[in-house]
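Student:
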Amino acid sequence: MTLPPPAVLEVADAAVRFGEVRALDGVSLSILPGECIGLVGHNGAGKSTIVSVINGGLTPQQGEIFSDGTRMAPYGIGVARSRGVRCVFQELSLCPNLSIIENTRIMHRSLGGFAWRRRAQGIISPSLDAIFPGHGIDIRGHVGALSIAQRQMVEIAMAFSDAGQPPRLVILDEPTSSLDAGLSAQLLAHVRRFVAGGGAVILISHMLNEILETASRIVVMKDGKIVAERGERGFDHASLVEAMGSAARDQAAARSATAVTRSVLRLALPKGRSFRAFKGEVVGLAGLGGHGQTQLLLALFDMHSPQWWPRRDPAVTFVAGDRRENGIFDLWSILKNMTVASMGEMSRRGFVQDRAEAARGVEWKARIDIRTPDMNNPILSLSGGNQQKVLFARALSTRAPVVLMDDPMRGVDVGTKHEVYGMIRAEAEAGRTFVWYSTETEEMQLCDRVLVFREGAIVAELTGDAISEHSILRASFEGEAA
Amino acid sequence: MRVSADTLRLAVPVASFLLLLGGVFFLQPRTMSYNGLHLLFNLAVPIALATIAQMLIMAVNDLDLSMGTFVSFVACVAATYLHDTPLMGVLILLAAIATYAALGVVIYLRNLPSIVVTLGMSFVWAGLAVLILPVPGGTAPEWARAVMISKPPLVPMAIVASALLAVFAHLLIMRSSLGVLIRGVGGNQRSVQRAGWSILVARASAYALAASFAVAAGICLVGLTTSADANIALRYTLLSIAGVIFGGGEFTGGRISPIGAVIGALTLTLAGSFLSFLRISPDWQIGAQGAILIMVLALRLLLNRLESKGRVA
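Heads up: the sequence lines are chains A and B, in that order. Mapping to the numbering used here: the first sequence position 239 is 239, numbers consecutive. Mapping to the numbering used here: the second sequence position 311 is 1311, numbers consecutive.
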């Protein structure tokens, strides 16, 4: 799709691969002045990746970027900024130890020279006043002392502020996630004003109402591709949810109907329903990333594991999703990585029994098929999928009756996934309970019960045949109280 | 109550400093004079300079374990080359500053832990110092000596120098663009990078600035002691870290306070005198000094907790 030149920015046929994962698969998108593009899609659809490509933080392996009809090569953060591309990221991207004025200095490189503080104040203050009238934020104060909503407001004002290079394309990634209804309305009104004045905006939000009301064009992404694109009023709530899911999907492995037995886990959440899980049950946690699923897992872990003195029989065990960050011990062998959680069972008088440990290794190597000639090889000699299997073995070889899993299949190949699915089913039938957070809908269909999270609360509980991509999407994207 | 977080942060070191000063005056009223103050504080000037140097490294979330040996090395250079062949001495010191900048670059590019690199470098500096000055000796450059023993009217040199240092460091680190950039790197490196800055340049400048302050510390020290030896400033490594923390700085997050750091250095110097005046045996002094430090930090923690409680409400 090629549009006439005046596009503020045009990405043509961009492809990005992270290892085996295709984050972007030939995406073309052009953003015209005076346009607000609503970008929607489920987790891992490629929204954040296309944003990174547009703001110059990520160079696609394939594809070209044009601005005002000229090809930009090389393209990078500096070029993007000089073309007027500004971005508000989902996570905090201000320096909390600096004041708002000092942050303005960091964001606008051209601001230097004597008395820059006064100039910075003259830039950020009107912007904040224009977008959020009556904001009540002291711009000389430290960002660290602000509430989350106030930080978000400052960040948005920063993106729309003009220090010599006026903003022409502002990317807002979930800008309203921490703003209340009044502030969101102020922001969206400003977006409309900005667009009417010839600016361009890309709006990413899980609040579909905001997208439907504000965007002049809606782009739907799925699996790294643009799957639908329609103008204003081309979508309604239902058809948008429809477009995000896929039409047909092969039925995942059959679930055995578990009889309701005694509940083994229970946790009251600050808002919404409380959480409970039963013996032998696989409970799925779904919804968009960062909406409270990991916090729930951590809270469950904290509640059931002793803080001071280790217990002989742990009540819960944890499978980390971010292997490199908090899963494996880089310098240890495969065997040590696997047995570290059940060291207590294999030691006598404080000494680890080498023979028992080795036997445990042999047993699990066979059971989950860890592909290595020797369990004493370093853990990093394994492929990512096999490292993940070791982490599963670590958790499953403990005596803990409950296994908490924090998106453990990230970056794991399909073959390994299916092996692990089988293990989870078998263990659940033997009476273990699994609490499983995953961003992949297919995995949710393996669960007995799925809880959909939105903004830190459980907003829907699905069981049996009601667990489908469509129903999960609908629950995670619901607008206001619908 | 609307007290800014910065003011509150500075309140603890200022209050502890005044308390200790009051204690010293009470125990030994004769210190309440021009000469008394001069003797109490003259050794604090090089420590304050080294503390500012350490603070710059800590501003970018690193830690310098070679501060003591580096200051010793500078002292040795100052007492020999800088006195005998000033041009050569200046060149050596400039090369040392360039080395520090290069360390900052290497630590960032290779993603190395700064404590390991600087610990390694501490042996290099110590070795060089011994090579330059195998036995204690040397002579301080006349100008350094003249500055350090000068007697300005009304207020002793040590206090004037500390105040000037505090103001200068405050302007440089808290007010200038470069200072904002350095602290920004400590606060959120990724966002600074996203705004199009070079992290490399920022880190190299932080290290080079730190080295410049450390060089000043070494020259001041020689100006005071008139001669140098290779181990003259070994305790500066821990004193400088303690001074930064004492003055309201933190190990990570780019939260630092130059004025606080200078006050921290003065307080630590004062604590030694205070304990001597209390007639605590030297065997116990280090332990007592540690106890003072723990008390102040506990107070800080308490205030931090109050601060964050206020934010939630």
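We treat Cβ as the ideally placed atom computed from N, Cα and C, and that holds for glycine. This one's a predicted model, so the numbers in the text were calculated from it and none came from an experiment.
Using a Cβ cut-off of 8 Å (strictly closer), state whether N1042/B contacts chain A.
Tutor: Judged by the 8 Å Cβ criterion, N1042/B is not in contact with chain A.
Student: Pick from E155/A, F114/A and V403/A: whose alpha carbon is nearest that of L1171/B?
Tutor: Closest by C-alpha distance to L1171/B, out of E155/A, F114/A and V403/A, is F114/A.
Student: Residues of chain A with CB under 7 Å from S1177/B, in chain order?
Tutor: R105, G112 and W116
Student: Residues bridged to C87/A by DSSP?
Tutor: Its beta-bridge partners are I171/A.
Student: Do the region 1078-1085 of chain B and the region 1141-1153 of chain B make contact, defined as three or more Cβ pairs closer than 8 Å?
Tutor: Yes, since at least three Cβ pairs between the region 1078-1085 of chain B and the region 1141-1153 of chain B fall closer than 8 Å, the two stretches touch.
Student: Residues in the region 1187-1199 of chain B with C-beta within 8 Å of chain A's C-beta atoms, listed in sequence order?
Tutor: G1187, N1188, R1190, S1191, V1192, Q1193, R1194, A1195, G1196 and W1197
Student: Do V53/A and V16/A have their beta-carbon atoms positioned less than 8 Å apart in this structure?
Tutor: Yes, Cβ-Cβ distance for V16/A and V53/A is below 8 Å.
Student: Mind listing the chain A neighbours of G1247/B? Cutoff is C-beta to C-beta under 7 Å, in chain order.
Tutor: The premise fails here: G1247/B is roughly 15 Å from chain A at the closest Cβ pair, so nothing lies under 7 Å.
Student: Verify the CB distance criterion: does R109/A have a CB-CB separation below 8 Å to chain B?
Tutor: Flagged as an interface residue toward chain B: R109/A, by a C-beta distance shorter than 8 Å.
Student: Inspect the CB distances between the region 218-229 of chain A and the region 165-175 of chain A and report whether three or more fall short of 8 Å.
Tutor: Output reads no: the region 165-175 of chain A does not touch the region 218-229 of chain A.
Student: Listing by chain order, which chain B residues have their CB less than 7 Å from the CB of G78/A?
Tutor: G1196
Student: What residues in the region 8-31 of chain A bring their beta carbon closer than 7 Å to a beta carbon of chain B?
Tutor: none
Student: By the 7 Å beta-carbon criterion, what residues does the region 82-95 of chain A contribute toward chain B?
Tutor: S93, L94 and C95
Student: Which value, in whole angstroms, describes the spacing of the CA atoms of L98/A and G1186/B?
Tutor: C-alpha separation (whole angstroms): 10 Å.
Student: What's the C-alpha gap between V1074/B and T59/A?
Tutor: 46 Å
Student: What are the boundary residues of the alpha helix (DSSP H) that includes R394/A?
Tutor: G384 to L396
Student: Using 8 Å as the threshold, is the region 29-42 of chain A in touch with the region 5-13 of chain A, meaning 3 or more CB pairs across them?
Tutor: yes
Student: Entirely within the region 175-240 of chain A and at least 4 residues each: give me those alpha helix (DSSP H) ranges in chain order.
Tutor: Those alpha helix (DSSP H) runs which fall completely within the region 175-240 of chain A and span 4+ residues are 181-196 and 208-214.
Student: Expressed to the nearest angstrom, what Euclidean distance is found between the alpha-carbon atoms of P270/A and V402/A?
Tutor: 23 Å
Student: List the residues of chain B whose Cβ lies closer than 9 Å to the Cβ of L58/A, in chain order.
Tutor: Within 9 Å Cβ-Cβ: nothing; L58/A doesn't reach chain B, min ~12 Å.
Student: Roughly how many angstroms separate the alpha carbons of V227/A and G245/A, rounded to a whole number?
Tutor: 10 Å
Student: I'd like to check one pair, E281/A with R399/A: are the Cβ atoms closer than 8 Å?
Tutor: no
Student: Start and end of the alpha helix (DSSP H) containing A1048/B?
Tutor: A1044 to A1059
Student: Check whether the region 459-476 of chain A touches the region 1266-1284 of chain B, taking contact to mean three or more Cβ pairs, one atom from each stretch, closer than 8 Å.
Tutor: no
Student: Out of F1168/B, G1249/B, A1265/B and S1273/B, state which residue places its alpha-carbon closest to the alpha-carbon of L1040/B.
Tutor: S1273/B
Student: Are L1165/B and L1266/B close, meaning C-beta to C-beta below 8 Å?
Tutor: no
Student: Would you say E102/A lies against chain B (beta-carbon separation less than 8 Å)?
Tutor: yes
Student: I37/A by DSSP, collapsed to three states: which one?
Tutor: strand
Student: Of the residues A1126/B, M1174/B, F1251/B and P1013/B, which one's Cα is nearest the Cα of M1067/B?
Tutor: A1126/B
Student: Would you check if the region 139-149 of chain A and the region 1223-1238 of chain B touch, i.e. whether three or more CB-CB distances between them fall below 8 Å?
Tutor: no
Student: Have a look at A254/A and L446/A and give me their C-alpha separation to the nearest angstrom.
Tutor: Interpretation of A254/A is limited by its pLDDT of 45, a score under 50 that renders its predicted location unreliable; no figure is taken from the coordinates.
Student: Three-state secondary structure (DSSP) at V435/A?
Tutor: strand
Student: Provide the residue span of the alpha helix (DSSP H) that contains D354/A, from first to last.
Tutor: D354 to I368
Student: Does L1330/B come within less than 8 Å of chain A when only Cβ atoms are used?
Tutor: Any question about residue 1330/B goes unanswered here, given that chain B covers just 1001 to 1313.
Student: Please indicate yes or no: does the CB of F132/A lie closer than 7 Å to some heavy atom of the ligand SAM?
Tutor: Here there are no bound small molecules, and the ligand SAM is not part of this structure.
Student: Identify, in the order they occur along the chain, each residue of the same chain with its Cβ nearer than 6 Å to the Cβ of G1137/B, setting aside the five sequence neighbours on each side.
Tutor: S1227
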